[in-house]
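Just so you know, we're using the numbering used here here: the sequence shown kicks off at 80 and counts up by one. For every residue, glycine included, the Cβ atom is placed at its ideal position computed from N, Cα and C. What you are looking at is a predicted structure, and each value in this text was computed from that prediction instead of being measured. One structure is given below, encoded as structure tokens.
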Amino acid sequence: MPETFVFTGDIFVQTGKALVQLPSKVEALWDSIFGGERGLDTPMSVVGASVIGGQAVENDNWQTFVGLLASLNFFLGVFNIVPLLPLDGGHIAVTIYERIRNIFRNRRGLPDGAPVDYMKLMPVTYVVIIVFIGFSLLTLTADIVNPIQLF
């Protein structure tokens, strides 16, 4: 059982590193669309993951297929806690901010402050959504034009 926790911790750390390195992969992804070589470490869309999953099954490599499914699920869970709205991590960050603010207000004898006005955060949320859509279109295009080949 302890090995499971170590393995999960390692995957969590690797996922965190991959998230931090994600912006630096955009240039290689862009180049791969226009004829450059597609690296195995470049981000992929659902289409790319499906292609790799299909290749794994086609070659009777079920361990790779199940590992891919588990990795995707784990990545989505970790990505969702990134502290950006509209992700869950953004809502958690706002809640933590409100709680810390109220602790300081209460220490000064003031009542709890009003809830955060999410409408004021909408411009930031829109920017995040636009970046997500742009990145999704970029990875989708790269997966169609120059897919990653494992086998």
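Cβ neighbour criterion (16 or more within 10 Å) applied to residue i
i      : result
Met198 : exposed
Asp139 : exposed
Asp89  : exposed
Leu148 : exposed
Ile182 : exposed
Ala193 : exposed
Selection from the options that minimises the alpha carbon distance to residue i
i      : options                           : result
Ile171 : Gly114, Gly115 and Ile160         : Ile160
Gly156 : Pro122, Arg187 and Leu98          : Leu98
Ser234 : Gly118, Val92, Ile90 and Glu137   : In the structure displayed, the chain extends from 80 to 230; residue 234 sits before or after that span and is not available.
Val203 : Ile112, Gly169, Asn181 and Trp109 : Gly169
Leu151 : Asn185, Thr94 and Glu82           : Thr94
Ser111 : Gln228, Val92 and Val224          : Val224
Gly114 : Asp222, Val136 and Phe230         : Asp222
Range covered by the alpha helix (DSSP H) that runs through residue i
i      : result
Thr121 : Run containing Thr121: none; DSSP gives neither H nor E here.
Asn185 : Asp167 to Arg186
Phe84  : Pro81 to Gln100
Leu163 : Careful: Leu163 lies outside any alpha helix (DSSP H) and carries neither H nor E.
Ser215 : Tyr197 to Val224
Phe227 : Here residue 227 is Ile; the residue named in the question, Phe, does not match the sequence. Here Ile227 belongs to no alpha helix (DSSP H), and DSSP marks it neither H nor E.
Ala107 : Val105 to Ile112
Presumed contact (8 Å Cβ cut-off) between residue i and residue j, rounded CB distance
i      : j      : result
Pro226 : Gly146 : Their Cβ separation, rounded to whole angstroms, is 19 Å, which puts Pro226 and Gly146 out of contact at 8 Å.
Check: Is it true that the region 153–167 meets the region 194–214, where meeting means three or more beta-carbon pairs spaced less than 8 Å apart?
Finding: Contact holds: three or more Cβ-Cβ distances are below 8 Å.
Next item on the list: For the region 115–124 and the region 204–219, state whether three or more C-beta atom pairs, one from each stretch, are separated by less than 8 Å.
Entry: Judged by pairs of C-beta atoms under 8 Å, the region 115–124 touches the region 204–219, as three or more such pairs exist.
Next item on the list: Assess, as a yes-or-no matter, whether the region 85–100 is touched by the region 203–212 under the definition of 3 or more beta carbon pairs within less than 8 Å.
Entry: At 8 Å Cβ cutoff, the stretches do not touch.
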